[in-house]
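Novice:
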Amino acid sequence: MQNTNLNKFHIIQWNPNGFYSKIDEIKLLLNKFSPIALCIQETNFNNNKSIHLNNYSSYIKNRNHAGRASGGVAIFINNTVPSKEIPITSHLEVIAVNITAKSKLTICNIYLPNSQDFNALDIQNIIDQLPNPFIVLGDFNSHNTLWGCNDTNPRGTKIETILNTNNINILNNGQATRVNSSNGNLSAIDLSFSSATISPNLEWDVIPELSSSDHFPIKITLCYTNPYEIHTRNPKWNLSNADWNKFQTEIEKNLRNSFFLNENTIDENIEQFSKLIYDAAANNFEQHSYSGKRPPVPWWNKDIKHAIRNKKTSFNKYKRTKQIQDFINFKKNKAQVRFLIKNEKKKSWIHFTSTLNSKESATKIWNKVKIIKGIPSVQIKTILTDNAIHTEPQTIAQSIGHHFYSNSSNANLNSDFLKYKQETETNNSPFIYKNQSLGDILNEPITLSELNTGLLGKKSNSCGSDKIPFIFLQNLPPSGNLLLLKLFNQIWRLGILPIKWKNAIITPIPKKNNDRFKPTGYRPISVLCSMSKLLEKIVYNRLYWFANNHNLLSPFQHGFRKHHSTTDCHVKIESEILETFANKQIMILISLDLQKAYDTVWRYRVIELLKKWNIHGNMIKYLTNFLSQRTFQLKIRDYTSNTFVLENGVPQGSPLSVFLFQTAINSLPDFIPKPIQSIIFADDTHIFVRGNSISSITKVLQDCLNEVSKWCHNSGFIFSPHKTKCILFSKKRNITIPKIYLNSICLPFTENITILGLTFDSKLTWKPHILKTKKSAYKNLRVIKTLSHLEWGAEYSILLNLYRTLVRSKLDYGSICYGNSNCNLSKMLDPVHNTGIRCAIGAFRSSPIASLLAITGEPPLQYRRLRLSLKYITRILSIPDNSTIHYLNINQSPSVYDLNTNLRKPLSTRFRKEMSDNNISPDTILQYETCLTPPWSLNQYEIDTSLSTHVKKETPEIVYRNLFNELIHSDTDNHNNTQIYTDASKTSTGIGLAVIHKSSTQVFQLNSHSSIYTAEYVALLKGVQAAVNSNYERIDICSDSLSVLSNIKYNTQINPLVTKIKNIIHSSNKYIRFIWTPGHCNIRGNEEADKAARNAISNPNSLTLSLMSPVDIIRNVDKYCMQLWDSDWHQVTDNKLREIKHSVEPWPKPTFPNRKENVIINRLRIGHTRVTHGYLMEKSEPPICRSCNSPMTVKHIIIHCQIFTEARKECEIPDNLYEAIGPYADIPKIISFVKKIEMYNLI
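Residue numbers (the working numbering): 1 to 1243.
1) Alpha carbon to alpha carbon, how far is A843 from C1201?
2) Who are Y59's beta bridge partners in DSSP?
3) With the cut-off set at 7 Å, would you say T750 and I727 are in Cβ contact?
4) Quick one: what does DSSP say N238 is sitting in, helix, strand or coil?
5) Give the single residue among A984, N1063, I396, R961 whose Cα lies nearest to the Cα of T640.
6) At which residues does the alpha helix (DSSP H) containing E93 begin and terminate?
7) Among D386, K611, Q979, which residue has its Cα nearest to the Cα of P430?
8) The alpha helix (DSSP H) spanning P1228 covers which residue range?
9) Taking only the alpha-carbon atoms, compute the straight-line gap between I218 and I88 and give it to the nearest angstrom.
10) Apply the 10 Å Cβ neighbour rule to A682 and answer buried if 16 or more other Cβ atoms are within range, or exposed otherwise.
11) How many angstroms separate the CA atom of E1033 from the CA atom of L1042?
12) Can you say whether A362 is buried or exposed, counting buried as having 16 or more other CB atoms within 10 angstroms of its CB?
13) Taking only the alpha-carbon atoms, compute the straight-line gap between E795 and D1126 and give it to the nearest angstrom.
14) For Q287, count neighbouring C-beta atoms within 10 Å of its own C-beta (all shown protein chains included) and say buried if the count is 16 or more, exposed if not.
15) Find out if the Cβ-Cβ distance for the pair P922, L853 is shorter than 7 Å.
16) Pull up the distance between the alpha-carbon of I1166 and that of S908, whole angstroms please.
17) In the DSSP assignment, what residue or residues form a beta bridge with E203?
18) Would you call E268 buried or exposed, if buried means 16 or more other Cβ atoms sit within 10 Å of its Cβ?
19) Among residues of its own chain, excluding the 5 on either side of N169, which ones have a beta-carbon nearer than 7 Å to its beta-carbon?
20) In three-state DSSP terms, what is M1?
21) Can you tell me the Cβ-Cβ gap for L356 and I798, rounded? I've got them flagged as a contact below 8 Å.
22) Going by C-alpha distance, which of Q1123, R320, G521 is nearest L866?
23) Indicate the three-state DSSP secondary structure (helix, strand or coil) for G992 in the structure shown.
24) Taking G1023 as the reference, which of S846, T724, K998 has the closest Cα?
25) If you check the beta carbons only, do K373 and V783 fall under 7 Å apart?
26) Taking 6 Å as the limit between beta carbons, can you name the residues of its chain near T580, skipping five residues before and five after?
27) Just verifying my parser: in three-state terms, what is the DSSP assignment at S34?
28) In whole angstroms, give me the CA-to-CA distance for V1003 and P1056.
29) Just how far apart, CA to CA, sit L764 and N443?
30) Nearest by alpha-carbon distance to P1263: which of T106, Y111, P154, G138 is it?
31) Taking the continuous alpha helix (DSSP H) assigned at L451, which residues delimit it?
32) Based on Cα-Cα distance, which residue from I1075, S970, E942 lies nearest to I980?
33) Check N977 in the structure and name its three-state DSSP category.
34) In angstroms, rounded to a whole number, what distance separates the CA positions of F472 and L623?
35) Quick check on DSSP: helix, strand or coil for W1129?
36) With H, G and I counted as helix, E and B as strand and the rest as coil, what does DSSP make of Y228?
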């Protein structure tokens, strides 16, 4: 571990004679010294250009009276340091900033050019305006032997007078700060002086080796007490090349030598097991820690290091000799450094972007994107509390930790509620259950299947206080899993959690647009012990299944629930607003802000609410203990605060906390009277009502808020009136804004309101949201542009994926609603879409938009919105538990929309035709059901795919038949056992399926839009129904669809038919075994089912099933939207790509050796290149082939031009454009041809 001094702060001052011209050297300085302040003179900034330096706040004063960009001063302050500009009244170029680093300090930056005279009063005036203590620095162009010049001029005398008049000390130590580039004369005209009170704590030095300007950078070091403080970092696991087999072997070995006794306490057993895992990891995996050094810039190498050393050596030699040859050598070395930095930086950037290819891991790609976006790492170095300054990690952790503690403390609660809370908990009486047996199923022992399910998911390396990441648990051997299961069941039985599991390690994360130098500017991110989170995940799965199975959660809650999303809330609100406009009504929506929601949950009340749901026994004991004695420690770097107690609320970072919070807020909609409606997403609550009279609406809303206030008094929650907003929707004019009060405070009305990321305006034009989305998307588009140079850059597929993730996702969000805006408004986003695609593929700027979209397979935004809307409608119609289904099933005012076509329609009404085209109907769509079988219970069925272990090509039919006969006769009670055979068949004329049991045959037909996959599911469903209705107790259902049986067994894909099958079996007293049966092996029942299924397609007696799987509908929607787009593409005329690309179906993606060749092929295919269409940019005449006297086109160059005939033959270029550059073209030959005709650099 390396020491890092936390009590030294660097300030860099420099006159680079142009900020951007010396940006490379500036970045080197920032990287090497990490200064808290960078002071630049002669910035040469332009007034109309915004200045940005990553991780620094900028304070700038430009020269305004010049006709060009010149002069100016700037101070850049590190974002980890609080800063505030000090206004200075002066005609000089000066700027001052007050910072807080251990204590307050004012930094003043001055530039006094040679051409501008000044007097002592000008400088004195500036000093008089500076709060003490201060540092004044800058380029004064003043000579004086006092600070190392060879002579003293009048300007230097004036500065000396100022120093003598005031209690100020000069910091210069005689070193030269500038070298004259023409004659080599050295001078010290860059000065630094400070208040006498802090000058003993300042060190001053020149850094000539890191300058390509005639001025040298100067480093001022601010030293505080305890300069030898040690800063260490805890080690982290290095698992990049982990050998998990050795890890498992060592754990198994240690388990054989360990004893876990029932007599031991839970804490002792867990501690012993944790130590066993940790020791095995320590013996097999390395740990590494932060070295304390900042990594070099990516383009740093030994050549640059050597060149800088030579430059420093030559400068020192020149200072000694003052010989002209030594000065020339110094200038050569100086130029060499600048050349190397510029050249290596370019080479490094090309290499950096070129490594973004399909071979790179997703993690590395996103880490690089994060670097490009300039997302800073969070470093908290200063916190201000009650006028006190905290810069030590321990005190910072303590102050932020105390703030988090206060959020959940009793002192933060309403005094009336606190009294009510204490009385209720004191008068606690035994709870009387209404139907206690209902919750018995929750108390069953934890099973191995639950443990294995909980271990699935993302591999995490973060550690709690036990220093065991979740990935260690995922790689335990079977014996380790069994022991872990035993320990979990010990905890489950006793209802006591280890004390260590109740302590969270919290890392503070800055809140967006908040003051990062105050404790209130941070939110907590908790890390709990991995074993604790695993058990909580198992318990959460049980509770969530129980609540869903018994419909306990409010239908108005859409947060953190399966098959629910923010879009549900948006669609509900949009539909209500449109109904308001259609019926010429008024609607008021109130967005309520729940203050410190998770921190103010009343734990006792949550337990009582769970008891009302008939939850008892092990579950209620576990949850009660889980919520008690919760503590946390706050971590800053590797320093932790004292332990704080969470007096109220649910613990952050726990999977269980979400469900417990939902339980606490679940009753809120019951206190909202009709006709007012409510929508809740986690803690975001919105209430609204519409009507004809503003006075009646106001009254019911006010009554509702009064009821909500009563609910808050009884629940402990607080709605903040200061953050709550209202908005009025209506087409009526001159409506008086009503006064509505919450806790005696009048609520504000606004013209725009953002609800879960979607901005609604009072007229629902969507213009504010579209403008906001466009701005945000363009900001992320910079990443694509940065990586998409024409000659080098990221791989084409990576750029497209980045576009889809960073940009298109923003355009997609909320588009189901805002797509209903005016056509011209929604088209404002098209340029973002088109630009992103053009940059990704490197197309020429004149390329037709239709070609850009067709060559990439990216549909126009209008068809993408249609696709997203139809898929959303399909999803909602298949989920009867989602209350949004009401807005899609029932058109509340159909006559209004039919009579007035100018009205904007709600979602399902405006897509009525498209829904009909895709068979999207609530009457036919298969709906998801809640699984009646608890995930931890044993199934009443078995999936036997043992025959699939034999390779079908290598296994004779007779072997399969014998194995199958052995399988069906393996049951000891053959008299009570029977076989049912199912199969499905799909042809161009339809889909048929059959179920055969003994002599009975059932045949069915499905909609032709269904898939064979769905048909196999339906056949199994019908087989299960036949089995349940039979007189046999044990039934074998035989199917040749291995994929369907595997999905039922492993739940690899969500399908409503799987749940239906399981629920039918659960409701019966039958035991069913599904057997995979190889097809076409002369297994009698299977062959009969296959024949019957094929005949069912044309059999008039087949029963037609009008059901459609949502999976099939969504697949058909994709085809439907593609066909609409393809139809548009076929109508495109005068398009070069259209000659070789006859549909919008994506072409196969070839692998290109580099970005440039990819760009060349894309431009050739589109038909727009620099050589053929550059005239459009230059506004000149179209180019003509001199030899053929024909227009210069891609087709002419590749196919017709007589000059290139020999090159064509040599490179074997086909004589038609489709074969030459189409999807199956020989790319290397085309590239070779382009090079041979010397157009490789002209495309």
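Glycine is no exception: its CB is placed at the ideal position from the N, C-alpha and C atoms.
Specialist: Looking at the atomic coordinates:
1) Counting from 1 along the sequence shown, the entry for residue 843 is found at position 843. Counting from 1 along the sequence shown, the entry for residue 1201 is found at position 1201. If I take the Cα positions, the gap works out to 24 Å.
2) Within the sequence shown, numbered from 1, the residue matching residue 59 stands at position 59. In the DSSP output, where bridge partners are listed per residue, Y59 has I75.
3) As a first step, residue 750 must be located in the sequence shown, where it is residue number 750. As a first step, residue 727 must be located in the sequence shown, where it is residue number 727. Result yes, Cβ atoms of T750 and I727 sit closer than 7 Å.
4) Against the sequence shown, residue 238 aligns to sequence position 238. Three-state result, N238: strand.
5) The sequence position of residue 640 within the sequence shown is 640, counting from 1. Relative to T640, the option among A984, N1063, I396, R961 whose CA is nearest is I396.
6) Position 93 of the sequence shown, counting from 1, holds the residue named residue 93. Run containing E93: none in the alpha helix (DSSP H); it sits in the beta strand (DSSP E), 93 to 101.
7) Here residue 430 is taken as the residue at index 430 of the sequence shown, counted from 1. Of the candidates D386, K611, Q979, the residue whose Cα lies closest to the Cα of P430 is K611.
8) Here residue 1228 corresponds to residue number 1228 of the sequence shown, with the count starting at 1. Counting along the chain, the alpha helix (DSSP H) containing P1228 begins and ends at 1227 to 1236.
9) The residue given as residue 218 occupies position 218 in the sequence shown. The residue given as residue 88 occupies position 88 in the sequence shown. I218 and I88: Cα-Cα distance of roughly 24 Å.
10) The residue you call residue 682 lines up with position 682 of the sequence shown. A682 counts as buried, since at least 16 other C-beta atoms from the protein chains shown sit within 10 angstroms of its C-beta.
11) Locating residue 1033 in the sequence shown gives position 1033, counting from the first residue. Locating residue 1042 in the sequence shown gives position 1042, counting from the first residue. For E1033 and L1042, the distance between alpha carbons rounds to 25 Å.
12) By one-based count along the sequence shown, residue 362 stands at place 362. It counts as exposed.
13) The sequence position of residue 795 within the sequence shown is 795, counting from 1. The sequence position of residue 1126 within the sequence shown is 1126, counting from 1. Across the structure, E795 and D1126 are spaced so that their CA atoms are roughly 27 Å apart.
14) In the sequence shown, the residue the question calls residue 287 occupies position 287. Taking every protein chain shown into account, the CB of Q287 has fewer than 16 other CB atoms within 10 angstroms, so this residue is exposed.
15) For this step, residue 922 is matched to residue 922 along the sequence shown. For this step, residue 853 is matched to residue 853 along the sequence shown. Cβ atoms of P922 and L853: not closer than 7 Å.
16) The count along the sequence shown starts at 1 and reaches residue 1166 at position 1166. The count along the sequence shown starts at 1 and reaches residue 908 at position 908. Whole-angstrom Cα-Cα distance: 38 Å.
17) Walking along the sequence shown from the start, residue 203 turns up at place 203. DSSP, once it has assigned bridges, lists T221 as partnering E203.
18) As a first step, residue 268 must be located in the sequence shown, where it is residue number 268. Its Cβ having fewer than 16 others within 10 Å, E268 is exposed.
19) Residue mapping note: residue 169 aligns to position 169 of the sequence shown, counting from 1. Excluding sequence neighbours, N169 sits near F193, S194, A196, S199.
20) Here residue 1 is taken as the residue at index 1 of the sequence shown, counted from 1. Confidence in M1 is poor, its pLDDT being 34 and thus under 50, which makes the residue's placement unreliable; the coordinate value appears in the next sentence. Three-state result, M1: coil.
21) Counted from its first residue, the sequence shown places residue 356 at position 356. Counted from its first residue, the sequence shown places residue 798 at position 798. That belief holds up - the Cβ atoms of L356 and I798 are roughly 5 Å apart, short of 8 Å.
22) On the sequence shown, residue 866 is found 866 positions in, with the first residue counted as 1. It is Q1123.
23) Working through the sequence shown from its first residue, we reach residue 992 at position 992. Of the three classes helix, strand and coil, the one that applies to G992 here is strand, per DSSP.
24) In the sequence shown, counting from the first residue as 1, residue 1023 sits at position 1023. With distances taken between Cα atoms, G1023 lies closest to K998.
25) Residue numbering aside, residue 373 sits at position 373 when the sequence shown is read from its first letter. Residue numbering aside, residue 783 sits at position 783 when the sequence shown is read from its first letter. Yes, the Cβ-Cβ distance between K373 and V783 is below 7 Å.
26) Counting from 1 along the sequence shown, the entry for residue 580 is found at position 580. M587, R690, F729, listed in sequence order.
27) For the purposes of this step, residue 34 is taken as the residue at position 34 of the sequence shown. S34: coil per DSSP, three-state reduction.
28) Here the question's residue 1003 lines up with position 1003 in the sequence shown. Here the question's residue 1056 lines up with position 1056 in the sequence shown. CA-to-CA, the gap between V1003 and P1056 works out to about 22 Å.
29) Against the sequence shown, residue 764 aligns to sequence position 764. Against the sequence shown, residue 443 aligns to sequence position 443. Rounded to whole angstroms, the gap between the alpha carbons of L764 and N443 is 50 Å.
30) Absent from the structure is residue 1263, since the part of the chain shown begins at 1 and ends at 1243.
31) Start at 1 with the first residue of the sequence shown, and residue 451 comes out as number 451. It spans 448 to 454 - the alpha helix (DSSP H) in which L451 sits, taken as one unbroken run.
32) As a first step, residue 980 is located in the sequence shown; it is residue number 980 there, counting from the start. Looking at the Cα atoms, I1075 is the closest of the given residues.
33) The sequence position of residue 977 within the sequence shown is 977, counting from 1. The answer is strand: DSSP assigns N977 an E or B state.
34) Within the sequence shown, residue 472 is the residue found at index 472, counting from 1. Within the sequence shown, residue 623 is the residue found at index 623, counting from 1. Cα to Cα, F472 sits roughly 26 Å from L623.
35) Position 1129 of the sequence shown, counting from 1, holds the residue named residue 1129. Collapsing the DSSP output to three states places W1129 in a helix.
36) Against the sequence shown, residue 228 aligns to sequence position 228. Bear in mind that the predicted position of Y228 carries a pLDDT of just 38, short of 50, making it unreliable; the figure below should be weighed with that in mind. Coil, per DSSP.
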